[in-house]
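Reading through the structure tokens given below for one structure.
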Amino acid sequence: MNQSLTLEKAFVLHTRPYRETSLLMDFFTQHKGRMTLLAKGIKRSKQIALLAQPFIPLMIAWRGKGELPVLHTIDVGASPIRLEAMSLWCGLYLNELLVRLLSHQDVHEDIFSLYENTLLALAQDRSYREGKNTFLQQVILRLFEQEFLEKMGYALPLTHVFNTHHPIQPNQYYRYIPHQGFLAIDCLERESPNVFQGEHLSAIACHQYHSVEVLRAAKKLMRLALAPLLGDRPLKSQEVFL
48 MNQSLTLEKA FVLHTRPYRE TSLLMDFFTQ HKGRMTLLAK GIKRSKQIAL LAQPFIPLMI
108 AWRGKGELPV LHTIDVGASP IRLEAMSLWC GLYLNELLVR LLSHQDVHED IFSLYENTLL
168 ALAQDRSYRE GKNTFLQQVI LRLFEQEFLE KMGYALPLTH VFNTHHPIQP NQYYRYIPHQ
228 GFLAIDCLER ESPNVFQGEH LSAIACHQYH SVEVLRAAKK LMRLALAPLL GDRPLKSQEV
288 FL
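Going by this note's numbering, the first residue of the sequence shown is number 48, and it counts up by one from there.
Here's what the structure looks like:
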């Protein structure tokens with residue numbers, strides 16, 4: 048008796064060749080989390096192979112529950128999200144981050160929504176066409192990283208000092224200690240790479256990326272926060288421009 052298949056909303060995160068005509072496809076699905084599926088013979092049809100691209104909202108179904116289920120159905124679910132120039136690199140960074148940090152079949156519906164909304168925000172940014180810098184793109188990435196860490200259970204304690212529970216003060220400097228939080232220090236140590244001004248931490252806590260200084264501090268902080276999770280292998284996309 049054939050088991051009915053349920054279509055699942057998904058995005059392609061990564062693909063790699065498998066024999067001559069097939070692909071191993073890494074998907075981020077809405078209700079099943081990250082999944083690797085074997086797409087048998089997908090290269091034989093150019094039309095279907097075109098769907099094996101990132102940033103296309105797809106509807107997919109698969110068979111099997113073992114280590115390598117087989118892709119059964121793949122179709123377009125909505126218009127492709129068009130990322131161009133630096134926005135494309137931003138999208139590839141998001142994909143690599145998800146591949147590295149999401150375990151297989153761990154359900155993260157909230158992160159799926161965050162990912163989709165972030166792609167849409169990147170697609171709406173047209174500042175590069177006007178010769179402007181990527182300030183908005185950087186804001187979008189920092190917001191994603193911050194919320195991603197929160198949803199993964201690694202929220203940054205941006206409002207209080209971890210050892211005294213005193214509130215973060217705007218003119219005080221703080222050292223970031225991974226997995227613990229922030230420790231007040233003497234201002235003479237403020238040039239250290241893991242030291243932040245309280246004013247910037249408070250702005251980051253409120254998602255107020257209103258200045259280059261706050262954005263620069265946020266970028267440094269997110270890298271420090273993600274580093275223990277990524278281990279010894281840095282992200283390839285991060286080496287390019289982020």
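Note that beta-carbon positions come from the ideal geometry of N, C-alpha and C, so glycine has one too.
Distance from the CA atom of residue 115 to the CA atom of residue 149, rounded to whole angstroms, is 17 angstroms. By DSSP's assignment, residue 118 forms a beta bridge with 109. Annotation for residue 93: no beta strand (DSSP E) segment contains it, though the alpha helix (DSSP H) segment containing it runs 93–96. In the DSSP assignment, residue 242 falls within the unbroken beta strand (DSSP E) covering 242–244.
Judged by DSSP secondary structure, residue 194 falls within the alpha helix (DSSP H) whose first and last residues are 182–198. Here residue 190 is not near residue 272, since their CB atoms are 7 angstroms or more apart. DSSP links residue 151 through a beta bridge to 81. Residue 247 holds the alpha-carbon nearest to the alpha-carbon of residue 259 among 269, 247, 252, 119.
In the structure shown, residue 263 falls within a helical segment according to DSSP collapsed to helix, strand and coil.
The bridge partners DSSP lists for residue 86 are 70.
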